[in-house]
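Asker: Would you mind keeping the following structure in view while I ask a few things?
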Amino acid sequence: MKAIACAAMVSAASIASLTSSSWAHEIQLPDSFDDLALIEIAPGIFVLHGMQAMPDPANNGFMSNSGVLLTERGVVIIDSGGSAEVAAAMLDRIAILTDAPVIAVFNTHVHGDHWLGNAEVLRRYPGVPIFAHERAIERLQGGEASAWAAIMGGLTDRETSGVEVSLPTAGLSGGETLAFDSINLVVHHTGHAHTDSDIMLELPGQKIVFAGDVIEYGRAVSSDVPADFSARGQIEAIDYLLALNVELFVPGHGPTGDREIAEASRDFLQTLYASVERHYEEGLLDYEMRDLVAADLRAYSDWANFEELGRLISYVYLQVEEAAWD
Ligand SMILES: [Zn+2]
Ligand SMILES: [Zn+2]
Numbered sequence: 010m011k012a013i014a015c016a017a018m019v020s021a022a023s024i025a026s027l028t029s030s031s032w033a034h035e036i037q038l039p040d041s042f043d044d045l046a047l048i049e050i051a052p053g054i055f056v057l058h059g060m061q062a063m064p065d066p067a068n069n070g071f072m073s074n075s076g077v078l079l080t081e082r083g084v085v086i087i088d089s090g091g092s093a094e095v096a097a098a099m100l101d102r103i104a105i106l107t108d109a110p111v112i113a114v115f116n117t118h119v120h121g122d123h124w125l126g127n128a129e130v131l132r133r134y135p136g137v138p139i140f141a142h143e144r145a146i147e148r149l150q151g152g153e154a155s156a157w158a159a160i161m162g163g164l165t166d167r168e169t170s171g172v173e174v175s176l177p178t179a180g181l182s183g184g185e186t187l188a189f190d191s192i193n194l195v196v197h198h199t200g201h202a203h204t205d206s207d208i209m210l211e212l213p214g215q216k217i218v219f220a221g222d223v224i225e226y227g228r229a230v231s232s233d234v235p236a237d238f239s240a241r242g243q244i245e246a247i248d249y250l251l252a253l254n255v256e257l258f259v260p261g262h263g264p265t266g267d268r269e270i271a272e273a274s275r276d277f278l279q280t281l282y283a284s285v286e287r288h289y290e291e292g293l294l295d296y297e298m299r300d301l302v303a304a305d306l307r308a309y310s311d312w313a314n315f316e317e318l319g320r321l322i323s324y325v326y327l328q329v330e331e332a333a334w335d
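Just so we're aligned: the sequence shown equals residues 10 to 335 in the working numbering.
Listed below in structure tokens is the structure:
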């Protein structure tokens, strides 16, 4: 379960570079908003790794990963971050790298930590197309956008200043290829996984996939909204990604790494699901099996949000129960 990359390059530098030989080291996630940095994982392909933290006023909701692609036509952003402050800091770092404008934004799914930075990107680059799965657009327009603004705004103490919301408008359904000269982006959607609105973006030329929260490494999965996920769907989605011709996996949370981070993310879910299923068959209720499931998952006990396992078990229990009736 090793993650890859190079700790020394992450800390104070706003821009870092990795060569393939340095992947034997480990990426260290930032400890504070001031550590926000773009890490080059392949020529012209950067990852902004978020903190392993809950959103609060000091970190400005800086908790999820973003991708930055420098193409001949301009800059492409994958997930704009959890606040205007995150997006602003990311755009400032990008401006050190290039004078080129942002020409497209992708939001990997409906959760607010991945798209609340859209408004700041649009403020600086009016008219930029923002892509997302059509189901994400539908859900956000249906009221979830303002709910996310209230949740993230509350946690980061922005209630009085307000949280500006800009929604994706360019709908995707999976199967599309978007060409940005030397970089092709292939859009994957495998149905209900982390949410029912996930897109996973593959760069076949670079053998990289931006998985969104379908892969979360070092974090008890889907803790942002556990009710939203399908354990079995997410396991299938990760297996789908592992079958692609990809070498680097960028998770929605946690360090970028090789296939081992995808496998660990899947194995956590598989162990969780199998454990809940076994104890369900023994006749235990969700709250009665908590300690037994935690024991089965002890290899992951240092993962963030592990203390919220009870909540996760409740949702998986419902899924196991539903599957038993199929
Ligand atoms: Zn997330
Ligand atoms: Zn999410």
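Positions of the beta carbon are idealized from the N, C-alpha and C atoms, including for glycine.
Can you tell me whether DSSP reads arginine 82 as helix, strand or coil?
Answerer: Correct three-state label for arginine 82: coil.
Asker: Give the straight-line distance between the Cα atoms of serine 206 and glutamine 243, rounded to the nearest whole angstrom.
Answerer: Rounded to the nearest angstrom, the two C-alpha atoms are 12 angstroms apart.
Asker: Is threonine 178 a contact residue of ligand 2, with contact defined as CB to any heavy atom under 8 angstroms?
Answerer: It does not: the Cβ of threonine 178 is nowhere closer than 8 angstroms to a heavy atom of ligand 2.
Asker: Is there contact here, the segment 311 to 322 with the segment 221 to 234, by at least three beta-carbon pairs under 8 angstroms?
Answerer: Short answer: they touch.
Asker: Could you pull the start and end residues of the alpha helix (DSSP H) that histidine 288 belongs to?
Answerer: Unbroken alpha helix (DSSP H) run through histidine 288: 268 to 290.
Asker: Ignore the nearest five residues each way along the sequence and tell me which others in alanine 332's own chain have a CB closer than 6 angstroms to its CB.
Answerer: Once the five neighbours on either side are set aside, alanine 332 has no close Cβ partner at all.
Asker: Pick helix, strand or coil for isoleucine 146, following the three-state DSSP scheme.
Answerer: Residue state, collapsed to three classes: helix.
Asker: Measure the C-alpha to C-alpha separation of isoleucine 322 and histidine 201 and round it to an integer number of angstroms.
Answerer: Rounded to the nearest angstrom, the two C-alpha atoms are 18 angstroms apart.
Asker: Regarding threonine 204 and ligand 2, is the C-beta to nearest heavy atom distance less than 8 angstroms?
Answerer: Yes - ligand 2 has a heavy atom lying nearer than 8 angstroms to the Cβ of threonine 204.
Asker: What number of angstroms, rounded off, separates the C-alpha of alanine 97 from the C-alpha of glutamate 272?
Answerer: Each residue's Cα considered, the two are about 33 angstroms apart.
Asker: DSSP three-state label for valine 196, please.
Answerer: Valine 196 falls in the strand class under three-state DSSP.
Asker: What I want to know is whether the C-beta of methionine 298 ends up closer than 8 angstroms to one or more non-hydrogen atoms of ligand 1.
Answerer: For ligand 1, not one heavy atom lies less than 8 angstroms from the Cβ of methionine 298.
Asker: Might you give, ordered along the chain, the residues of its own chain that have their beta carbon closer than 8 angstroms to the beta carbon of glutamine 61, omitting 5 neighbours on each side?
Answerer: Once the five neighbours on either side are set aside, the close Cβ partners of glutamine 61 are Leu38, Met72, Gly227, Arg228, His262, Gly263, Ala313.
Asker: Looking at the secondary structure, which residues open and close the beta strand (DSSP E) in which leucine 57 lies?
Answerer: Element bounds for leucine 57: 54 to 57.
Asker: In the segment 101 to 174, which residue ranges form an unbroken beta strand (DSSP E) of at least 3 residues, counting only runs that do not cross its ends?
Answerer: Listed in chain order, the complete beta strand (DSSP E) runs (minimum 3 residues) inside the segment 101 to 174 are 111 to 115, 139 to 142.
Asker: Mark glutamine 150 as exposed unless 16 or more other C-beta atoms lie within 10 angstroms of its C-beta, in which case mark it buried.
Answerer: Exposed, since its Cβ has fewer than 16 Cβ neighbours within 10 Å.
Asker: Figure out for me which residue from Met209, Val234, Gly214, Pro213 has the closest Cα to the Cα of isoleucine 224.
Answerer: It is Met209.
Asker: Kindly provide the chain-ordered list of residues whose Cβ lies closer than 5 angstroms to any non-hydrogen atom of ligand 2.
Answerer: Cβ-based neighbours of ligand 2 within the cut-off: His120, Asp222, Asp233.
Asker: The beta strand (DSSP E) that contains leucine 257, what's its start and end?
Answerer: Looking at the DSSP string, the run of the beta strand (DSSP E) that includes leucine 257 is 257 to 262.
Asker: For methionine 298, name the three-state secondary structure that DSSP assigns.
Answerer: Note: methionine 298 maps to coil in three-state DSSP.
Asker: Taking one C-beta from the segment 75 to 93 and one from the segment 123 to 142 each time, how about it: are there three or more such pairs within less than 8 angstroms?
Answerer: Flag = yes, the segment 75 to 93 and the segment 123 to 142 touch.
Asker: Taking the alpha-carbon positions, what's the valine 114 to serine 310 distance?
Answerer: Valine 114 and serine 310: Cα-Cα distance of roughly 35 angstroms.
Asker: Looking at the unbroken beta strand (DSSP E) that takes in leucine 214, where does it start and where does it end?
Answerer: Reading off the sequence, residue 214 comes out as glycine, not leucine. Run containing glycine 214: none; DSSP gives neither H nor E here.
Asker: Are threonine 204 and phenylalanine 258 touching if we call contact CB-CB under 9 angstroms?
Answerer: Contact flag unset, no.
Asker: Taking Cβ positions, are leucine 294 and leucine 301 nearer each other than 9 angstroms?
Answerer: Against a cut-off of 9 angstroms, the Cβ pair of leucine 301 and leucine 294 comes out as no contact.
Asker: Hey, valine 119 and arginine 133: beta-carbon distance below 9 angstroms or not?
Answerer: Contact flag unset, no.
Asker: Note down the Cα distance separating arginine 82 from proline 52, rounded to an integer number of angstroms.
Answerer: Approximately 15 angstroms between the Cα atoms of the pair.
Asker: Is the segment 175 to 183 close to the segment 246 to 254, with three or more CB pairs under 8 angstroms?
Answerer: The segment 175 to 183, when compared against the segment 246 to 254, does not touch it at the 8 angstroms Cβ threshold.
Asker: Is glycine 261 near ligand 1, with its Cβ less than 8 angstroms from a heavy atom?
Answerer: Glycine 261: yes, Cβ under 8 angstroms from ligand 1.
Asker: Report the option in Asp43, Ser41, Leu45, His58 whose CA atom is closest to the CA atom of glycine 266.
Answerer: Ranking the options by Cα distance to glycine 266, first place goes to His58.
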